[in-house]
Amino acid sequence: MLSRCIVNPNDTLNKMASQIFIPTIAKQLNNPKTCASTIEALINEDFEVMQSYSDVVVICFSKIYQNIPTKHIAIILMKKLIQRKFEFSSLERRVIVEIFIKSPPTRNMKESAAIIQNHCCESNSAALFIASIIQPMRFEEKQREFLREVCRTFLQSMPESISTYTENFKTFLSEKIEASGVPIYGETPTQEKMREIEIEKKFEGFLDFNPCNNKLIFIIFTIVMIFLLFFTDKSGILHNLEFDDS
1 MLSRCIVNPN DTLNKMASQI FIPTIAKQLN NPKTCASTIE ALINEDFEVM
51 QSYSDVVVIC FSKIYQNIPT KHIAIILMKK LIQRKFEFSS LERRVIVEIF
101 IKSPPTRNMK ESAAIIQNHC CESNSAALFI ASIIQPMRFE EKQREFLREV
151 CRTFLQSMPE SISTYTENFK TFLSEKIEAS GVPIYGETPT QEKMREIEIE
201 KKFEGFLDFN PCNNKLIFII FTIVMIFLLF FTDKSGILHN LEFDDS
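For the sequence shown, UniProt numbering gives the first residue as 1, with consecutive numbering after it.
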């Protein structure tokens with residue numbers, strides 16, 4: 001469920017909120033204008049309980065952040081969560097970083113870069129994700145501009161798990177490359193995995209033959225076998241099939 005919040009946070013949150021919270025709260029969470037304040041209120045009411053729902057918090061962040069009018073509210077919310085030492089799993093931190101890179105902030109770039117740095121210091125998975133996308137020369141102008149800010153922030157205090165990648169960050173800052181207009185990665189690793197799963201489902205559906213499909217396959221198989229019999233060994237197989245008139 002968490003992986004889907006990068007691609008479709010609205011549906012993901014709608015399903016989870018309706019399962020966990022009472023209708024009134026679920027409705028507030030599904031409204032981007034009241035989602036952040038509702039999350040804060042829930043955390044203030046019972047920090048430990050909401051800590052166990054950290055995945056819901058990430059999905060809420062994704063919903064607010066990817067909604068342009070409330071993007072800045074999402075950044076403020078994440079800063080507050082970090083200040084309160086709200087814990088996220090390594091995967092959740094990576095998803096948060098992916099969300100930032102997928103849709104770069106138009107303002108507060110330094111604050112957003114600092115948020116990414118914080119999550120990367122706490123999650124090797126998030127840090128390695130950043131290190132892996134700093135290298136390819138594929139990017140959109142907005143992504144490149146934001147990643148340059150991320151590089152500058154990281155070079156001031158590099159997460160230990162990717163200290164060996166320091167030169168890559170320096171190179172990204174020093175090279176003057178024209179923006180290609182192509183995203184720094186065509187799709188996030190999570191989106192790519194979801195696409196693979198979708199292909200697998202379609203393939204499995206194809207294999208789940210109905211009676212009509214069985215007939216079609218049988219006909220095709222029969223035609224192929226006849227073709228092989230008549231054209232691969234006329235003097236052998238077919239000759240042996242002839243009846244002896246004597």
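Think of the CB as a built atom: it goes at the ideal place given N, C-alpha and C, for glycine as much as any other residue.
query                                                                                     : result
Nearest neighbour of ARG84, chosen from ASN8, THR222, MET158, ASN44 [CA to CA]            : ASN44
Burial state of GLN156, where buried means 16 or more other Cβ atoms lie within 10 Å      : exposed
Run of the alpha helix (DSSP H) containing SER112, from where it starts to where it stops : 109 to 122
Whole-Å CB distance - ILE39 paired with LEU13, under 8 Å assumed                          : Actually they are not in contact, since the Cβ atoms of ILE39 and LEU13 sit about 11 Å apart, beyond 8 Å.
Secondary structure of ARG94, DSSP reduced to three states                                : helix
Coarse secondary structure for TYR53, derived from DSSP in three states                   : coil
Pairwise C-alpha distance: SER90 and GLU167                                               : 25 Å
Alpha-carbon spacing of SER125 relative to THR34, whole angstroms                         : 31 Å
Secondary structure of PHE86, DSSP reduced to three states                                : coil
Neighbour-count burial assignment, VAL58, 16 or more Cβ in a 10 Å radius                  : buried
Alpha carbon of LYS142 to alpha carbon of ILE115, nearest angstrom                        : 18 Å
Backbone CA spacing between VAL150 and PHE221 [nearest angstrom]                          : 58 Å
Contact set for ILE22: own chain, Cβ-Cβ below 8 Å, skip 5 residues either direction       : none
For VAL150, the first and last residue of its enclosing alpha helix (DSSP H)              : 141 to 156
Which of helix, strand or coil DSSP assigns to LYS33                                      : coil
THR106 - DSSP class collapsed to helix/strand/coil                                        : coil
Collapsed DSSP secondary structure at GLU28 in the structure displayed                    : What sits at residue 28 in the sequence shown is Gln, not Glu. Helix, per DSSP.
Boundaries of the alpha helix (DSSP H) in which ASP11 is found, first to last residue     : 9 to 20
Simplified DSSP state of PRO23, which is helix, strand or coil                            : helix
Check whether ILE133 and ILE101 have beta carbons under 8 Å apart                         : yes
Proximity below 8 Å, CB of LYS79 to CB of PRO105                                          : no
Closest residue to residue 249 among ASP55, ILE64, SER174 (Cα-Cα distance)                : In the structure as shown, the chain starts at 1 and stops at 246, and residue 249 therefore has no counterpart that could be examined.
Whole-angstrom distance between PRO9 and LYS63, CA atom to CA atom                        : 5 Å
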